[in-house]
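In this note's numbering, the protein residues as written are 10 to 117. Quick reminder that beta carbons are idealized off the backbone N, C-alpha and C, glycines included. For clarity, every value in this text was computed on a predicted model and none was experimentally measured.
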Amino acid sequence: ARSSELEQEAYGRLANIGHGAEEMVELCNRLVEELGDKRRCSQIIISGGIRHFLDGYYLTEKCTLPSIYGQASQFLKHARGDYETLRSYVMTQIKGLALSQTFLSLKA
Numbered sequence: 010a011r012s013s014e015l016e017q018e019a020y021g022r023l024a025n026i027g028h029g030a031e032e033m034v035e036l037c038n039r040l041v042e043e044l045g046d047k048r049r050c051s052q053i054i055i056s057g058g059i060r061h062f063l064d065g066y067y068l069t070e071k072c073t074l075p076s077i078y079g080q081a082s083q084f085l086k087h088a089r090g091d092y093e094t095l096r097s098y099v100m101t102q103i104k105g106l107a108l109s110q111t112f113l114s115l116k117a
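Structure below.
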């Protein structure tokens, strides 16, 4: 346990190098506007630090291109347990996203 605490302290900041998912969506939106008809991408996958269906909802709604999001870390975390734990997590995320899409909207 002590070793993992030391490693987390030493290497934890590596996870913050680069751009976050929200920054990347903002960059993508700017590029879509700047490139216009020269754009060669028609959809994107948003990934990196998305921990909850609300994060995914927010970013896919904010993105001007059709998009989906990934939650690899969270899925893997729940996949370490039994199948029912993973299934329950997945169903909760699906239902939560559906509720978000039905009842929420982004502020302009």
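Check A76 in the structure and name its three-state DSSP category.
The count along the sequence shown starts at 1 and reaches residue 76 at position 67. According to the sequence shown, residue 76 is Ser rather than Ala. In this structure, S76 counts as strand in the three-state DSSP scheme.
Relative to the C-alpha of V41, which residue among P75, G58 and L23 is closest?
In the sequence shown, the residue the question calls residue 41 occupies position 32. Residue P75 is the option with its Cα nearest to V41.
Does the stretch 24-31 touch the stretch 53-62, meaning 3 or more C-beta pairs lie closer than 8 Å?
yes
Classify T69: buried if its beta carbon has 16 or more other beta carbons within 10 angstroms, exposed otherwise.
Position 60 of the sequence shown, counted from the start, is the residue given in the question as residue 69. With 16 or more Cβ atoms within 10 Å of its Cβ, T69 is classed as buried.
Alpha carbons only, please: which of K104, N38, F62 and L63 is nearest the one belonging to S51?
Translated into positions along the sequence shown, residue 51 becomes position 42. Nearest of K104, N38, F62 and L63 to S51, Cα basis: N38.
Please say whether L115 and K71 have beta carbons closer to each other than 8 Å?
By one-based count along the sequence shown, residue 71 stands at place 62. By one-based count along the sequence shown, residue 115 stands at place 106. Yes, the pair counts as a contact, with Cβ atoms nearer than the cut-off.
Proximity of Q80 and G65 at Cβ, strictly below 8 Å
For the purposes of this step, residue 80 is taken as residue 71 along the sequence shown, with counting starting at 1. For the purposes of this step, residue 65 is taken as residue 56 along the sequence shown, with counting starting at 1. The answer is yes: Cβ separation under 8 Å.
Outcome for L20 when other beta-carbon atoms lying within 10 angstroms are tallied against a minimum of 16:
Translated into positions along the sequence shown, residue 20 becomes position 11. It should be pointed out that residue 20 corresponds to Tyr in this sequence rather than to Leu. The residue in question, Y20, is exposed, as its Cβ has fewer than 16 Cβ neighbours within 10 Å.
Would you identify the three-state DSSP class for I59, choosing helix, strand or coil?
The sequence position of residue 59 within the sequence shown is 50, counting from 1. I59: coil per DSSP, three-state reduction.
Y92 burial status per 10 Å Cβ neighbour count (16 or more: buried):
Within the sequence shown, the letter at position 83 stands for residue 92. By the 10 Å Cβ count, Y92 comes out exposed.
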